[in-house]
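Shown next, in structure tokens, is the structure this report addresses.
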Amino acid sequence: MIEVVVVGAGVIGMSCAWRAAAAGHAVTVLDPAPARGASWVAGGMLAPVTEAWPGEEHLLDLGVESVRRWPGFAADLTAAAGCRAGLRTEGTMVAATGAGDRAELDNLATYLTGLGRSVERLSGRELRRLEPALGPDVRGGLSVPDDLAVDNRLLLTALQAACGRAGVRFVAAAAKSVLDDGGRVTGVRTDGPDVPADAVLICAGAHSADLHPTLDGLVRPVKGEILRLAHRAGAFPPPGRTVRALVDGRPVYAVPRDGGGLVIGATQAETGFDTDVTVGGVRDLLRDAERVLPGIAEYALVESAAGLRPGSPDNLPLIGPLGPEGLLAATGHGRNGMLLAPVTADAVLALLHGDPPPEAARPAAPHRFVSRR
Ligand code: GLY
């Protein structure tokens, strides 16, 4: 049993903290505002296949491995927390509007099929048969039943409860830097008292790079704006599946929530640590989402929010040792924090025990950057 300090109480930090505490370690989580930040804003897609991008095969493998672990992770979490983890298994479809969008989806389908991933190409009519909420501008697309979704806020509540029951100590302090004695971690300096530790795990999302010089320049904020809508009586019912779409080349997605809720996302901008919701962002999301799901015009707009994804240089996260003994990172998850929580937590637990992490997580070792410094 060792004393582990986890910096950051987002989905990654709390998943790792819960698993480590359940395995018998003494775990403290530092965060001035637990369960907020990017995790609170997330759409909640668990979508390695439909978010795949040529050249990012390690990320695809890691995502596929994590989505495979999601049902077990959700079942364990529900048992540990005594409440739902928010997993949704209805699947995902991708819709295209114009000819250019359809050509792009065709390329994606060809690429994925070439990698042996199963995707089904469907006409607009076939897609509408599955999801009558899709409008007439949708001309074709893909069905990917194995890409799932999670209600991010149910998940965060469950993680907080599971951490509490496993004995995790939450400290509402902001971490300033990692303390080491010239080769071995000794704790974390905060805006309150220092917190001693045998091991420190940096899971501070977009703020991770400030905590240790080895992360300098490796994690940057990538802003995303989302909207939350609620179905109103008399309006067309929302889709049951996650709907991703390309509208005149712009990506947009709608992720269902219980009770007729929809999360519409997400913009992408590199504007530093800015979390303002912009007029242009809201306009683009509503215009594009309405082209695909015309019924949302009658929904209530209940929330707009922006979060900062922690971007890494190659879009793979940084999971593993950073150099000084006892210092680990689990950060840089970019667009995929919700998706990658189960495999990240398993990798971190293995590393704490001195075991190798899951095969798919090995390319995410920070040594790919840190050793070059
Ligand atoms: N994974 C969706 C997003 O980052 O917007």
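Heads up: the sequence shown is residues -11 to 361, going by my numbering. Each residue gets a CB set at the ideal place from its N, CA and C atoms; glycine is no exception. Since this is a predicted model, take the numbers as computed values, not measurements.
Self-check item: Thr178, DSSP secondary structure in three states
Solution: Position 190 of the sequence shown holds residue 178. It is a strand residue.
Exercise. Using only alpha-carbon positions, find the residue among Arg279, Ile284 and Leu203 that is nearest to Leu315.
Key: Counted from its first residue, the sequence shown places residue 315 at position 327. Checked all of Arg279, Ile284 and Leu203; the closest Cα to Leu315 is Leu203.
Quiz item: Which first and last residues belong to the alpha helix (DSSP H) in which Arg153 is found?
Solution: In the sequence shown, counting from the first residue as 1, residue 153 sits at position 165. Unbroken alpha helix (DSSP H) run through Arg153: Asn140 to Arg153.
Quiz item: Looking at the structure shown, is Glu278 part of a helix, part of a strand, or coil, going by DSSP?
Solution: By one-based count along the sequence shown, residue 278 stands at place 290. Here Glu278 sits in helix by DSSP.
Quiz item: Using the rule of at least 16 other Cβ atoms within 10 Å of the residue's Cβ for burial, across every protein chain shown, is Arg245 buried or exposed?
Solution: The residue labelled residue 245 in the question sits at position 257 within the sequence shown. Label assigned to Arg245: buried.
Quiz prompt | Coarse secondary structure for Met2, derived from DSSP in three states | solution = Here residue 2 is taken as the residue at index 14 of the sequence shown, counted from 1. The answer is helix: DSSP assigns Met2 an H, G or I state.
Self-check item: Buried or exposed (CB count within 10 angstroms, at least 16 for buried), His219
Solution: By 1-based counting over the sequence shown, the position of residue 219 is 231. Buried.
Quiz item: Got a sec? Which residues, its chain only, sit under 8 angstroms from Ala335 by beta carbon, not counting five neighbours each side?
Solution: Here residue 335 is taken as the residue at index 347 of the sequence shown, counted from 1. Hits under 8 angstroms: Ile307, Gly308, Ala318, Pro345, Pro346, Ala349 and Ala352.
Exercise. Output yes or no for whether 8 angstroms exceeds the beta carbon distance between Arg297 and Gly268.
Key: Locating residue 297 in the sequence shown gives position 309, counting from the first residue. Locating residue 268 in the sequence shown gives position 280, counting from the first residue. Not a contact, by the Cβ cut-off of 8 angstroms.
Quiz item: Roughly how many whole angstroms lie between the Cα atoms of Arg208 and Arg105?
Solution: Here residue 208 corresponds to residue number 220 of the sequence shown, with the count starting at 1. Here residue 105 corresponds to residue number 117 of the sequence shown, with the count starting at 1. Approximately 31 angstroms between the Cα atoms of the pair.
Quiz item: Which residues have their C-beta within less than 6 angstroms of a heavy atom of the ligand GLY, listed in chain order?
Solution: Checking every Cβ against the heavy atoms of the ligand GLY under 6 angstroms gives Gly31, Met33, Gly212, Gly253, Ala254, Arg297 and Arg323.
Exercise. Using 10 angstroms around the beta-carbon of Val290, count the other beta-carbons present and answer buried if the total reaches 16, otherwise exposed.
Key: Position 302 of the sequence shown holds residue 290. Counting Cβ neighbours within 10 Å, Val290 comes out exposed, since fewer than 16 surround it.
Quiz item: If Met326 sits next to Val138, beta carbons under 8 angstroms apart, how far is it from one beta carbon to the other, in whole angstroms?
Solution: For this step, residue 326 is matched to residue 338 along the sequence shown. For this step, residue 138 is matched to residue 150 along the sequence shown. With a Cβ gap of about 6 angstroms, Met326 and Val138 count as contacting.
Quiz item: Could you check where the beta strand (DSSP E) with Phe61 kicks off and where it finishes?
Solution: Translated into the one-based positions of the sequence shown, residue 61 becomes position 73. Unbroken run through Phe61 is the alpha helix (DSSP H), Glu45 to Ala69; no beta strand (DSSP E).
Practice problem: May I ask which residues mark the beginning and end of the beta strand (DSSP E) holding Val(-5)? | Solution: Along the sequence shown, read from residue 1 onward, the residue named residue -5 stands at position 7. Start and end: Glu(-9) to Val(-5).
Quiz prompt | Ala40 versus Gly32: straight-line alpha-carbon distance, rounded | solution = Here residue 40 refers to the residue found at position 52 of the sequence shown. Here residue 32 refers to the residue found at position 44 of the sequence shown. C-alpha separation (whole angstroms): 16 angstroms.
Quiz prompt | Start and end residues, beta strand (DSSP E) containing Thr16 | solution = Residue mapping note: residue 16 aligns to position 28 of the sequence shown, counting from 1. That run of the beta strand (DSSP E) goes Ala14 to Leu18.
Quiz prompt | Cβ pair count under 8 angstroms reaching 3, the segment 221 to 236 against the segment 75 to 86 | solution = yes
Quiz item: With DSSP run on the structure shown, which of helix, strand or coil describes Gly248?
Solution: Within the sequence shown, residue 248 is the residue found at index 260, counting from 1. In the structure shown, Gly248 sits in a helix (DSSP, three-state: H, G or I).
Quiz item: Tell me the DSSP bridge mates of Asp168?
Solution: Within the sequence shown, numbered from 1, the residue matching residue 168 stands at position 180. BP columns for Asp168 point to Val173.
Exercise. Excluding the 5 residues preceding and the 5 following Leu273 in the sequence, name in chain order all residues of the same chain whose CB lies nearer than 6 angstroms to its CB.
Key: What you label residue 273 is simply residue 285 of the sequence shown in a count that begins at 1. Excluding five sequence positions before and after Leu273, the CB atoms of its chain that fall closer than 6 angstroms to its own CB belong to Leu215 and Ile252, given in chain order.
Quiz item: Per DSSP, what kind of secondary structure is Phe158 in: helix, strand or coil?
Solution: The sequence position of residue 158 within the sequence shown is 170, counting from 1. Of the three classes helix, strand and coil, the one that applies to Phe158 here is strand, per DSSP.
Practice problem: Could you tell me the distance, in whole angstroms, from the CA atom of Leu100 to the CA atom of Ser27? | Solution: Sequence index remark: in the sequence shown, residue 100 carries index 112 (1-based). Sequence index remark: in the sequence shown, residue 27 carries index 39 (1-based). Their backbone Cα atoms lie some 28 angstroms apart in a straight line.
Quiz prompt | Endpoints, alpha helix (DSSP H) assigned at Thr230 | solution = Mapped onto the sequence shown, residue 230 falls at position 242. Run containing Thr230: none in the alpha helix (DSSP H); it sits in the beta strand (DSSP E), Thr230 to Val235.
Exercise. Assuming Gly237 contacts Gly88 (C-beta within less than 8 angstroms), just tell me the rounded distance between them.
Key: Numbered from 1 along the sequence shown, position 249 holds the residue referred to as residue 237. Numbered from 1 along the sequence shown, position 100 holds the residue referred to as residue 88. Going by Cβ atoms, the distance from Gly237 to Gly88 rounds to 6 angstroms, so yes, they are a contact pair.
Practice problem: Give me whichever residues DSSP pairs with Ser131 in a beta bridge. | Solution: Looking up residue 131 in the sequence shown gives position 143. For Ser131, which the question treats as bridged, DSSP gives the partners Met81 and Glu108.
Exercise. Quick one: residues in its chain with C-beta nearer than 6 angstroms to the C-beta of Leu304, no 5 flanking neighbours on either side, listed in chain order?
Key: Numbered from 1 along the sequence shown, position 316 holds the residue referred to as residue 304. For Leu304, where only same-chain residues beyond five positions count, the Cβ hits under 6 angstroms are His46, Leu47 and Ala352.
Exercise. Out of Arg113, Pro120 and Ala154, state which residue places its alpha-carbon closest to the alpha-carbon of Arg127.
Key: Position 139 of the sequence shown, counting from 1, holds the residue named residue 127. The shortest Cα separation from Arg127 among Arg113, Pro120 and Ala154 belongs to Arg113.
Quiz item: From the DSSP output, which residues share a beta bridge with Met33?
Solution: The residue you call residue 33 lines up with position 45 of the sequence shown. Beta-bridge pairing links Met33 to Ala137.
Quiz prompt | Distance between Glu278 and Gln256 (C-alpha atoms, nearest Å) | solution = Taking the first residue of the sequence shown as 1, we reach residue 256 at position 268. Taking the first residue of the sequence shown as 1, we reach residue 278 at position 290. Spanning the two alpha carbons is a distance of roughly 19 angstroms.
Quiz item: Which of the three DSSP states, helix, strand or coil, is assigned to Ser27?
Solution: Working through the sequence shown from its first residue, we reach residue 27 at position 39. Residue state, collapsed to three classes: helix.
Practice problem: Report buried or exposed for Asn140, applying the criterion of at least 16 other Cβ atoms within 10 angstroms of its Cβ. | Solution: Taking the sequence shown and counting its residues from 1, the one referred to as residue 140 is at position 152. Flag for Asn140 reads buried.
Practice problem: Report yes if the CB atom of Gly175 is closer than 8 angstroms to the CB atom of Val(-7), and no otherwise. | Solution: Residue mapping note: residue 175 aligns to position 187 of the sequence shown, counting from 1. Residue mapping note: residue -7 aligns to position 5 of the sequence shown, counting from 1. Going by C-beta atoms, Gly175 is nearer than 8 angstroms to Val(-7).
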